[in-house]
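Student:
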Amino acid sequence: MVDRLNSQEELLALKKRNLKLARQNLEKVKEHLEKRLRSYYLMGKTGLLNVTFSTRTLPDLMLFNDSFKSLIDYDKKLFNHYRESIEQLIVARDSHEKESVLLSEFITSAVEQQQELDSLLEEKRELLAKVKTQKTLHEQAVSELKKAEAELRDTLAQLRTKRDNTLKGFVLNKGMMPPPVKGRILTRYGESKVGDALNAGKSQGVTFDASNGAAIKAIFAGRIIFAGYRKGFGNMVIIDHGLDYYSITTRMEKISVQEGQAVGGGDIIGTAGDIATLFEKGIYFEIRHDTEPLDPLAWISLDR
């Protein structure tokens, strides 16, 4: 496009030079024609006076007059030719000037549009760079989130396994857990004993002959779901060991735990005393699965 504009400018300059040269030639022809006309005027028409005083014959004078008129006609044609050429050059010059102006305006507009396109392209490049950066950050965030989710799943699985092991631990430790209190057995599971608070005809647990002030402990880890006085049982503590297994200890002199409290195996939950066993002797202990009484001696080891 710029080359085309340069070509138009060169062509316009050539037209201007040709126009200038044509005008110069026109002026020369004009001066020459004026001289011809002046001479013709001074000579006048061929008349009696020219014939009388001329040394030439009449035919010669007539021939000269015709020749002179022919020269003047030729000069007039030449003048008209140059004038027409000048007019054509002027039209061509004006046309090229207009075309040059239009071409220049078009080039200016094209340059501005190109600048706008370049600016838009740069904006798109910056936007693309931002999108790529955001995509990278998003991918990193997704990767970190997936990693965190995997770690959370592993943690939950570990906690679930730990919980299951804890819950199953009571069952897995069957026959190996320590008794709740040290002392000889007064009543075994299933033995009849008149006046037993839990069952007047048959014992559903084990009664230990505990000394005054002896520590009473949890046989296994769990959570206290009841700690308080219960009519007919005295001070009672019930521990939930999971999987619907419960240990029940009654006739305690003092309770050392609260409901909702977590305890570990061997933690002290209360103490024995003479007053608590005044009417029914010994610390009474049960193990139940849901509501079903189980033989405690099958779950604890008296050697521990």
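Note that this note's numbering numbers the sequence shown so that position 77 is 96, with each residue one more than the last.
Ideal Cβ placement from N, Cα and C applies to all residues, glycine included.
So, do the region 237-245 and the region 256-268 have three or more beta carbon pairs nearer to each other than 8 Å?
Tutor: A contact exists between the region 237-245 and the region 256-268.
Student: Nearest by alpha-carbon distance to ILE319: which of ARG144, GLY247, ALA229 and GLY224 is it?
Tutor: Considering only alpha carbons, the answer is GLY224.
Student: Only counting the same chain, and skipping five residues up and downstream in sequence, which positions put a Cβ closer than 7 Å to that of SER211?
Tutor: Excluding residues within five positions, the ones whose Cβ falls inside 7 Å are GLY220 and LYS221.
Student: Output needed for ASN229: all residues of its chain with C-beta closer than 6 Å, excluding positions within five of it in sequence on either side, in chain order.
Tutor: The displayed chain sequence assigns Ala, not Asn, to residue 229. So the list reads VAL200, GLY202, ALA291 and ILE302, once near-sequence residues are dropped.
Student: Three-state secondary structure (DSSP) at LEU321?
Tutor: Looking at LEU321 - three-state DSSP - the assignment turns out to be coil, as it is neither helix nor strand.
Student: Pick from LYS250, SER162, SER266 and LYS273: whose alpha carbon is nearest that of ALA233?
Tutor: The shortest Cα separation from ALA233 among LYS250, SER162, SER266 and LYS273 belongs to LYS273.
Student: Under 9 Å, do PHE189 and GLY261 count as touching if we go by C-beta distance?
Tutor: In this structure, GLY261 lies closer than 9 Å to PHE189 by Cβ.
Student: Short of 6 Å in beta carbon distance, which residues of its chain neighbour LYS193, apart from the five on each side in sequence? Order them along the chain.
Tutor: Excluding positions up to five away in sequence, the list reads TRP318.
Student: Please classify THR226: does DSSP put it in a helix, a strand, or coil?
Tutor: Correct three-state label for THR226: strand.
Student: Give a yes or no on whether the C-beta atoms belonging to ARG307 and PRO197 are separated by under 9 Å.
Tutor: No, the pair does not count as a contact, with Cβ atoms beyond the cut-off.
Student: So, under 8 Å CB-CB, PHE245 and THR268 are touching, yes? Tell me the CB distance rounded to an integer number of Å.
Tutor: About 11 Å; that fails the 8 Å criterion.
Student: Between which two residues does the beta strand (DSSP E) containing SER266 stretch?
Tutor: Start and end: 264-271.
Student: Please return the same chain residues whose Cβ sits closer than 8 Å to the Cβ of TYR264, not counting the five positions on each side in sequence.
Tutor: So the qualifying residues of the chain are PHE189, VAL190, ILE306, ARG307 and HIS308.
Student: Roughly how many whole angstroms lie between the Cα atoms of LEU121 and ALA129?
Tutor: Each residue's alpha carbon lies about 12 Å from the other.
Student: With DSSP as the reference, please indicate the residues paired to ASN192 in a beta bridge.
Tutor: DSSP, once it has assigned bridges, lists no residue as partnering ASN192.
Student: Is DSSP giving ILE109 helix, strand or coil here?
Tutor: Helix.
Student: Tell me which residues share the same chain as LEU316 and place their Cβ nearer than 7 Å to its Cβ, disregarding the 5 neighbours each side in the sequence.
Tutor: Excluding sequence neighbours, LEU316 sits near ARG207, TYR208 and VAL225.
Student: Terminal residues of the continuous beta strand (DSSP E) containing ILE243?
Tutor: It spans 241-249 - the beta strand (DSSP E) in which ILE243 sits, taken as one unbroken run.
Student: So, with DSSP's three-state summary, where would you put ARG179?
Tutor: The answer is helix: DSSP assigns ARG179 an H, G or I state.
Student: Using three-state DSSP, classify PHE252 as helix, strand or coil.
Tutor: PHE252: coil per DSSP, three-state reduction.
Student: Where does ALA233 sit, in a helix, a strand or coil, going by DSSP?
Tutor: Coil at ALA233, not helix or strand.
Student: Any idea what DSSP makes of PRO312, helix, strand or coil?
Tutor: Here PRO312 sits in strand by DSSP.
Student: Would you call the CB atoms of ARG112 and LYS34 closer than 9 Å?
Tutor: Yes, the pair counts as a contact, with Cβ atoms nearer than the cut-off.
Student: With distance defined between alpha-carbon atoms, name the residue in PHE125, GLU53 and GLU158 nearest to TYR93.
Tutor: Taking only the C-alpha atoms, the option nearest TYR93 is GLU53.
Student: Return the first residue and the last residue of the beta strand (DSSP E) that ARG207 is part of.
Tutor: Counting along the chain, ARG207 falls outside any beta strand (DSSP E), and DSSP gives it neither H nor E.
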